[in-house]
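Notes to accompany the following structure.
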Amino acid sequence: MSWEAVADVVAAVLLLAGAVLTLAAGIGVLRFPDLLARMHAGTKPQVLGLVLVLTAEALRVRSPAVLGLLLVVVVFQFLTVPVAAHMVARSGYRTGQVRRDLLIDDELARDQDNAVLEVERVRDENERDEADPPPKARRSGDLPG
Amino acid sequence: MIYVYLLAAALLLVAGLLAVVRAERGPSMLDRTVALDVFATVLVAGIALEAAWSRRVDTLPILVALSMVGFVSSVTVARFASVEPPEQRRIRTAAEVAAERASLRAAEEAADEAERLAHERHAAPAPDAEAAGPEPRGDGS
């Protein structure tokens, strides 16, 4: 059994696995209940499936130039898919398109509440200092007198 | 071996169809965006599958270009168009589109008519106004 035959068989297996993962992404995008779940389905199995299919193509074509271009494709997917998913999730959360009843733990809401409390605390401190500036003023008034 | 490729192509086809169904159904703009993103990646996988079958190299630039610009649409929509009123979240029916276009055209024609009348009123008294002097609007109706 030659090296090429082995590569072809491996490529076929990888192609099937990649196609199955892409199908899983399609099913997830159609079936999942809300935006975050759909985004998850459209992002993770999707990228792995594409990487498998591209690996299979590299195994079939077997040329260094093609390998380089396919690596570029994979690197771009790794760079751009998280950015797109992050943007979609962020604006979906901020425009209230996330179903809260499906969330087990909403850490972002907790952090936002904490941030609001912190801002209010700092503002109260500043207001107290402005309204009642005794320490410095009295001391500076005391010194000459 | 060709059956493996045909099976993979069928799976990709089904995945693309499911994504398109979600893009049609998706209640919000962001759902459609995610679905179309999935569809674009299915497209890339399909082109790669065909290239792997026929061992061709000339379709590789398509893969590179698609993977580079594929995320632009979802980022743009998420950044600039994610806020939408609830009544705009569905695809309108053909009758609604026709009604809206008809009302738009009627408004346009009314505006044209008003402009034409204004022109006529403006143009007609002009020689009179030169002759009579101070009151250009007096007899122009």
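Those sequence lines, one after another, are chains A and B. The opening residue of the first sequence carries number 44 in the working numbering; numbering runs sequentially from there. The opening residue of the second sequence carries number 353 in the working numbering; numbering runs sequentially from there. All C-beta atoms in this analysis are idealised placements derived from N, C-alpha and C, irrespective of residue type, glycine included.
Residue i in three-state terms, based on DSSP
| i | result |
| --- | --- |
| F190(A) | No statement about residue 190(A) is possible, as the shown extent of chain A runs from 44 to 188 and does not include it. |
| A498(B) | Because residue 498(B) is not part of the residues shown, which for chain B are 353 to 493, the question remains open. |
| I70(A) | helix |
| T445(B) | coil |
| D389(B) | helix |
| L146(A) | coil |
| M82(A) | helix |
| M44(A) | coil |
| A459(B) | helix |
| D383(B) | helix |
| D464(B) | helix |
| D175(A) | coil |
Nearest-angstrom Cα separation, counted from residue j out to residue i
| i | j | result |
| --- | --- | --- |
| G492(B) | T428(B) | Reliability of the predicted coordinates at G492(B) is poor, the pLDDT of 48 falling under 50, and the value obtained from them is presented with this limitation in mind. Those two C-alpha atoms are separated by around 54 Å. |
| G71(A) | L365(B) | 15 Å |
| L73(A) | V52(A) | 32 Å |
| T411(B) | M420(B) | 15 Å |
| V117(A) | V126(A) | 15 Å |
| D58(A) | V372(B) | One point to set straight first is that residue 58(A) is Leu, not Asp, in the sequence displayed. Roughly 22 Å between the two C-alpha positions. |
| F119(A) | D172(A) | 52 Å |
| V409(B) | L415(B) | 11 Å |
| P406(B) | L110(A) | Residue 406(B) is actually Ser in this sequence, not Pro. Roughly 16 Å between the two C-alpha positions. |
| A403(B) | L122(A) | 24 Å |
Start and end residues, alpha helix (DSSP H) containing residue i
| i | result |
| --- | --- |
| V409(B) | No alpha helix (DSSP H) contains V409(B), which DSSP labels as neither H nor E. |
| M130(A) | P107 to R137 |
| Q140(A) | Looking at the DSSP string, Q140(A) is not in any alpha helix (DSSP H), and its letter there is neither H nor E. |
| R377(B) | I354 to R377 |
Segment contact flag, the region 132–139 of chain A with the region 77–93 of chain A, C-beta cutoff 8 Å, min 3 pairs
As far as the Cβ criterion goes, the region 132–139 of chain A touches the region 77–93 of chain A, which means the pair count is three or higher.
Three-pair Cβ contact test at 8 Å for the region 384–396 of chain B versus the region 61–71 of chain A
The region 384–396 of chain B, when compared against the region 61–71 of chain A, does touch it at the 8 Å Cβ threshold.
Does the count of Cβ pairs from the region 141–161 of chain A and the region 395–402 of chain B closer than 8 Å reach three?
No, the region 141–161 of chain A is not in contact with the region 395–402 of chain B.
Are the region 134–144 of chain A and the region 375–385 of chain B touching by the rule of at least three beta carbon pairs closer than 8 Å?
The region 134–144 of chain A is in contact with the region 375–385 of chain B.
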